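Residue numbers (the numbering used here): 1463 to 2131. Backbone N, C-alpha and C define an ideal beta-carbon position, used for all residues, glycine too. Source: prediction; values computed, not measured.
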């Protein structure tokens, strides 16, 4: 595997100013000297990459939105991060005043300004070829656009400096936000310029860089993929009319400018075109494995390959970076595995059982034989979704109760040691991603060697005989499922140095499956709807997971007629609504813990409905295995999620607003 160029280099410019926009006050002679030499220009460019959002850190920083969403239920413990309090609604503008507390405002404006400084001076570099200088300009423009987008997805519309550095004479109390249309317009304009400048790969088009040592640098495809994501967001309800709710209809800045636009259906056309442009490059393909013993094993290996295949042969990742180490428990890149691995010592050393999937995520995965999503939604109790009362698709083959005797686990285990066992019916017959993402209560841990010596089953209930017994005071799995996506089968997890610190994987910031599903979504929503095209690209993602096409799985639904109502197990939706639901459901499965779910629920304005539930888990305090599969809402330690209208946009911290006294805060804060 190849190192990422950007993250191996050291920063060469120190931040020197304490104002909320750190203006670069380097003297001109020093700057000219820096930018006239190839070696220091490249180090400066590498520094610009150091601001890449920490989306892969699922417990903190930008990646903490995984915990905020409904795909995760992390164990309550002494290791709480700020996102735990955000999940419970226990936050406000006074608490968001550091990066650890989700205040990214200063960090990304520093990054934006440094990108601008680079662009303003990179032409001083005469030691590199014009092609390479243009490549570096394209990278800086891509990064500047990306950093604006990172701000926008958290706060909504922000201040746009445009293609110029922040003024050194800026007066803080005169600053205010620019309308969303200006934000989106500038980001897209920047990306178009970057697309014109960037090579498809840095070793192409005369750029002359080694591909093997420069993986992770921005390319034309990366800029196009970001543009597709930005325009998908711009077309979505939160940013495009708020589904007629009028939530931000009268929201203006101090200059009286409306910050959010009226609904414009043609934005879905823009989103569709941007996604199709990436597809039409014919540069990328879904990872696929075909040499396993069964179709299910092929599908499982194909999905795992996205994360575990090296840069040179992985054709699905459009742009990404190595998982970075943040010093968490000295485990390096393996810290996420340690946070997910079971506590108790029988399976893994240093397992904390902190990162667990929610039962809603577990319920989302299709059935292998029928290809149907087993749970269509949930009945409500006291006005909240009740995960113990799923609305089951009666034709899916899914059973909410009962047991399968002599169940033979297949994915990532060997039947010579993973002997048949009694499996709960909710875990039987699911799609391949279910088994690569989770180790359910009662399943074999996918390694012949564990901390206790030989193979063990992960069992989670209140008894010493369980391999991961419940504890009222110590770290333990409080959901009943282990998140194992990043765990390679066969790693014994016995030694901190050999088994944890050696873990390395690529974080796929943009990959082709996302582009397919974005295109499918936009085709379903655009004014001249194209259901056939939408289904075609939804089915490509499902096909990689070994599932039948949507039309085969659901012959009773009239997908082609947008307004025709079809009923499935008592649930009525139009053709457009069914396809929209299936695309979002597929995305939840495909991109679990990849930071997509939270932003999907925000942009579709579904978070208030989907997040506000009790903390439903398996009955991990039950005294035996059989009783542990009851769904309960009182075993989990910690307050339940709380989401309100105000939470669709994050508050600006009081530290910023004490300086920017006329700055417009988000509604509700």
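Whole-number beta carbon distance between residue j and residue i, since they are thought to touch under 8 Å
i	j	result
residue 1619	residue 2066	About 19 Å separates the two Cβ atoms, so there is no contact after all.
residue 1575	residue 1628	5 Å
residue 1612	residue 1553	That pair is no contact at about 19 Å.
residue 2053	residue 1947	Not a contact, Cβ separation roughly 11 Å.
residue 1818	residue 1901	Residue 1818 to residue 1901, Cβ: 11 Å. No contact.
residue 1690	residue 1603	Incorrect: roughly 17 Å between the Cβ atoms, too far for contact.
residue 1895	residue 2091	Not confirmed; about 21 Å, so no contact.
residue 1548	residue 1564	7 Å
residue 1778	residue 1973	5 Å
residue 1965	residue 1796	4 Å
Where residue i falls, given that 16 or more other Cβ within 10 Å makes a residue buried
i	result
residue 2058	buried
residue 1840	buried
residue 1662	exposed
residue 1729	buried
residue 2017	exposed
residue 2029	exposed
residue 1633	exposed
residue 1879	exposed
residue 1775	exposed
residue 1674	exposed
residue 1924	buried
residue 1672	exposed
residue 1725	exposed
residue 1813	buried
residue 1909	buried
residue 1993	buried
Straight-line gap, residue i to residue j (C-alpha atoms, nearest Å)
i	j	result
residue 1567	residue 2013	45 Å
residue 1962	residue 1803	11 Å
residue 2121	residue 1559	13 Å
residue 2008	residue 1757	7 Å
residue 1943	residue 1903	6 Å
residue 1936	residue 1927	17 Å
residue 1521	residue 1592	42 Å
residue 1866	residue 1875	18 Å
residue 1543	residue 1732	38 Å
residue 1975	residue 1995	15 Å
residue 1511	residue 1597	14 Å
residue 1762	residue 1897	7 Å
residue 1670	residue 1677	13 Å
residue 1650	residue 1692	8 Å
residue 1546	residue 1529	7 Å
residue 1487	residue 1753	Because residue 1487 carries a pLDDT of 41, less than 50, the predicted location of this residue cannot be relied on, and no value is offered for it.
residue 2132	residue 1881	Given that the chain is displayed from residue 1463 to residue 2131, the structure contains no residue 2132 and the question cannot be resolved.
residue 1572	residue 1513	9 Å
residue 1873	residue 1748	20 Å
residue 2111	residue 1987	24 Å
Cβ shell of residue i (< 6 Å), same chain only, five flanking positions each side left out
i	result
residue 2102	2076 and 2077
residue 2026	2020 and 2037
residue 1858	1829, 1832, 1834 and 1836
residue 2050	1826 and 2059
residue 1516	1523, 1524 and 1525
residue 1719	1641
Residues bridged to residue i [DSSP beta-bridge criterion]
i	result
residue 1969	1783
residue 1839	1853
residue 1819	1534
residue 1886	1865
residue 2094	2079
residue 1900	1945
residue 1892	1829
residue 2035	2028
residue 1906	1919
residue 1720	1714
residue 1846	1843
residue 1912	1915
Chain D within 8 Å of residue i, Cβ atoms only
i	result
residue 1733	No chain D is present in this structure, which holds just one protein chain.
7 Å Cβ shell around residue i - same chain, five flanking residues per side excluded
i	result
residue 1877	1870
residue 1849	1821, 1822, 1840, 2075, 2078 and 2093
residue 1658	none
residue 1580	1506, 1507, 1510 and 1602
Residues near residue i by beta carbon distance below 8 Å, same chain, minus five either side
i	result
residue 1624	1648
residue 1680	1600, 1601, 1604, 1605, 1656, 1660 and 1781
residue 2061	1527, 1615 and 1695
residue 1622	1610, 1640, 1644, 1645 and 1648
residue 1595	1584, 1585 and 1587
residue 1989	1727, 1728, 1730 and 1731
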